[in-house]
């Protein structure tokens, strides 16, 4: 059970870390952004040498915390600098992974996840030894169930300790294993969500969090988020070489 608590705790801690990194890289100019700036300005970042141009309006969580949109430094806006970061975290809106706009602001402001998808990309850290440890430490508390129609093609388990639904792409350790953990419907939480641990581009971990109501669409959500990061990377490739 400690493995799950650590995983959840690290997710929140790293999310706050990214917000701090973005804010540290932002201009000290707190002048509110115009709608045009919000649509066009990008943070130019790299994770492990892999470049991404992330539009400011995908950082709505940062806006929620500080009540002001982070402003990329002039050097990044002009394409002269690309800052190294440990991770990139964005929030997008189902079904088309739209960023925050004036038109959909109310949906971003809704309590809970609603139609929001939180995506976090960072250097790959889940390798075969990790999954071997996972099955060794957590495996005894996993009760295998029949395949869920909501998550076809995944092995369905029930965590008898934490009372959570667990879906795995394999019932044994594999280097490219995908895991989904969902809050228990019987726990009575006001908001129920699912956490997906997947891979991006063979070099990165990709964590997704979204409302449990969209669990049956997890493959489409994963595909669309990966395509979004592809766009961010393609944009970076079109930029001149930066520091």
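Residue numbers (our numbering): 812 to 1054. Ideal Cβ placement from N, Cα and C applies to all residues, glycine included.
Exposed or buried, what is residue i when buried is set at 16 or more other beta-carbons lying within 10 Å of its beta-carbon?
i            : result
residue 992  : buried
residue 1038 : exposed
residue 835  : With a pLDDT of 41 at residue 835, under the threshold of 50, the predicted position of this residue should be treated as unreliable, though the coordinate-derived value follows. Burial call: exposed.
residue 862  : buried
residue 1041 : exposed
residue 939  : exposed
residue 989  : buried
residue 1043 : buried
residue 839  : Caution is warranted here: a pLDDT of 41 is assigned to residue 839, below 50, making its placement in the model unreliable, and no coordinate value can be reported.
residue 845  : exposed
residue 944  : exposed
residue 951  : exposed
residue 1045 : exposed
residue 870  : buried
residue 882  : buried
residue 1019 : buried
residue 987  : exposed
residue 1013 : exposed
residue 956  : exposed
residue 1009 : buried
residue 837  : Low per-residue confidence applies at residue 837: pLDDT is 47, beneath 50, and the placement is therefore not dependable enough to give any value.
residue 972  : exposed
Name the one or two DSSP bridge partners that residue i has.
i           : result
residue 853 : 866
residue 966 : 979
residue 894 : 856
Is the separation between the beta-carbon of residue i and that of residue j shorter than 7 angstroms?
i            : j            : result
residue 876  : residue 1021 : no
residue 975  : residue 1004 : no
residue 966  : residue 982  : yes
residue 780  : residue 898  : Lying before the first or after the last residue shown, residue 780 is absent from the chain, which here runs from 812 to 1054.
residue 969  : residue 954  : yes
residue 784  : residue 866  : Given a span of 812 to 1054 for the chain in the structure shown, any question on residue 784 remains unanswerable.
residue 1002 : residue 925  : no
residue 1033 : residue 933  : no
residue 851  : residue 872  : no
Check the Cβ-Cβ distances between residue i and every residue of chain C, and say whether any is below 7 angstroms.
i           : result
residue 856 : Of the protein chains in this structure there is only one, and it is not chain C.
Original post:
Unbroken beta strand (DSSP E) runs of length 3 or more, entirely within the stretch 899–955: which are they?
Top reply: 927–934, 953–955
Original post:
What are the uninterrupted segments assigned as alpha helix (DSSP H) that are 4 or more residues long and contained completely in the stretch 969–1051, given in chain order?
Top reply: 1029–1048
Original post:
Is it true that the stretch 884–900 meets the stretch 848–856, where meeting means three or more beta-carbon pairs spaced less than 8 angstroms apart?
Top reply: yes
**OP:** Taking 8 angstroms as the threshold, find out whether the stretch 894–906 comes into contact with the stretch 1020–1036 through three or more Cβ pairs.
**Re:** With the cut-off at 8 angstroms, the stretch 894–906 and the stretch 1020–1036 touch.
Original post:
Does the pairing of the stretch 944–963 with the stretch 1039–1049 give three or more beta-carbon distances under 8 angstroms?
Top reply: no
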